[in-house]
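For reference, the structure discussed in these notes is given below.
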Amino acid sequence: MNIRNELEKRADIFNKEMKKYLKTGTPKRLYDAAKHLPLAGGKRLRPCVAMLSCESVSGDVQRVMPFAVALELVHNFTLIHDDIMDKSRLRRNLPAVHIKFGESTAILAGDFLFALSFEAMQDIPIKPSVFKKLNNSLIQCVKDICQGQQLDTEFEKRKNIAEYEYLNMIQKKTASLFRLAAHGGAIIGNGSTEEINALTEYGNLLGLAFQIWDDYLDLSSSEKTLGKDIGNDIRNGKKTLIAVHALENTNNQDKKLLEEVMGNKDASERDIKQVVEVFKKTGSIEYAKKTALHYSRQAKKTLETLKDSEAKTVLIQLADYSIEREK
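Numbering of the sequence shown is given in the numbering used here, commencing with residue 1 and proceeding in unit increments.
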């Protein structure tokens, strides 16, 4: 079983469903801006997690599609706003929304996708009492993402961040949406309490592994492969796990270099390379890889309570893929 084929198969089904919500309208520029990122592709991992979670508890995957759409629209709305905040030029190998359509329209496009996500939620075929809980979970998830993004921004201005603070931040900013995807998929699929709890924890751990690996890719991939700016995290002063570990484990001279370059928007390629060398010297890049591997293994372990199925096998492979991908 090939994980890429399994994900692409589900992504194709999902994309057809999502397009139903991305209609044309006026003002045309707003609708074009709102559609720019969702229709630019992407891995569709969160919708796939929702679909696979539903499948793994023997649920009807068609019932989970509106929920999967809501997740992806929320994800894209956060990416649009993130790119504005981080001044990123590229996303999915295309100009970021604010680069192509201007900052004001990009902000509105993100807001528009957020509204569409709740429109999609209305189409989930579940009992009103269950819908209310799931809708509240989405609301809490978006609040968590906003809190995590704010912490991420505040950390840029702080010299030292503890590892537990970083983990709390990515749990809110990234893992929360993976957790909700797995949780909601299991609920809509009518899973047992044990299955729902196991899949919810799986989503949480997968999200942690995914974000830590993302931090690693910012330093190791080519810009063309990754589809976004390389070294952007360093220039923005992002306190990734790599940076947090390096700042805690380097000598005074190298620490001074890190503090001078990280957060310097005008840092040269030479500056970036020097920082990366410090990251390597302190073993911080390897530490991040090992930590991502740890969470990936823990994610797979949570699935032991689920009965064997094709969906369970794909979820296990997805945990491996999250720390093996190149973009």
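Note that beta-carbon positions come from the ideal geometry of N, C-alpha and C, so glycine has one too.
Scanning Met18, Met51, Arg270 for the CA closest to the CA of Ala40 turns up Met18. When DSSP states are grouped into helix, strand and coil, Arg91 belongs to the strand group. Cβ-Cβ distances below 7 angstroms link Asn252 to nothing in the same chain once the five nearest sequence neighbours on each side are left out. Close CB contacts of Leu247 within its chain, under the 7 angstroms cut and outside five residues either way in sequence, are with Asn160, Lys255, Leu258 (chain order). Rounded to the nearest angstrom, the Cβ distance from Ile126 to Gly148 is 28 angstroms, too far for a contact under 8 angstroms.
For Thr24, no alpha helix (DSSP H) encloses it, and the DSSP letter there is neither H nor E. Counting only residues of its own chain and dropping the five nearest sequence neighbours on each side, Thr282 has a CB closer than 6 angstroms to the CB of Ala246, Asn249, Thr250. Taking a contact to require three or more Cβ pairs closer than 8 angstroms, the stretch 76-96 and the stretch 6-14 do not qualify as touching. In the three-state scheme derived from DSSP, where H, G and I count as helix and E and B as strand, Asn264 is classed as coil.
Looking only at Arg270, Val49, Lys327, the smallest Cα-Cα distance to Ala186 is reached by Val49.
Around the C-beta of Thr200, 16 or more other C-beta atoms lie within 10 Å, and the residue is accordingly described as buried.
Taken atom to atom, the span from the alpha-carbon of Leu303 to that of Val244 is near 31 angstroms. The Cβ-Cβ distance between Ala120 and Pro66 falls below 8 angstroms. Where Arg270 is concerned, the enclosing alpha helix (DSSP H) starts and stops at 269-281. Assignment of Gln253 by DSSP, reduced to helix, strand and coil, places it in the helix class.
In the displayed model, Ile188 falls within a helix according to three-state DSSP. Annotation: Met1 is outside any alpha helix (DSSP H) and is labelled neither H nor E by DSSP. A Cβ-Cβ separation of about 12 angstroms leaves Ser137 out of contact with Gly203 under the 8 angstroms criterion. The stretch 162-179 and the stretch 264-278 do not touch, with fewer than three beta-carbon pairs separated by less than 8 angstroms. In the assembly as shown, Arg44 is a buried residue. Its beta-carbon has 16 or more other beta-carbons within 10 Å.
Val275 places its beta carbon 8 angstroms or farther from that of Ile212.
Per DSSP, reduced to three states, the secondary structure at Gln150 is helical.
When the five nearest sequence neighbours on each side are left out, the beta carbons in the same chain lying within less than 7 angstroms of the beta carbon of Leu108 are those of Leu30, in order along the chain.
Annotated as proximal: Asp215 and Leu241, with beta-carbon spacing under 8 angstroms. Taking C-beta atoms under 8 angstroms as the contact rule, Glu156 and Thr305 fail to qualify, at a distance of about 40 angstroms. Secondary structure remark: continuous alpha helix (DSSP H) runs of at least 4 residues inside the stretch 8-90, in chain order: 28-36, 45-56, 61-86.
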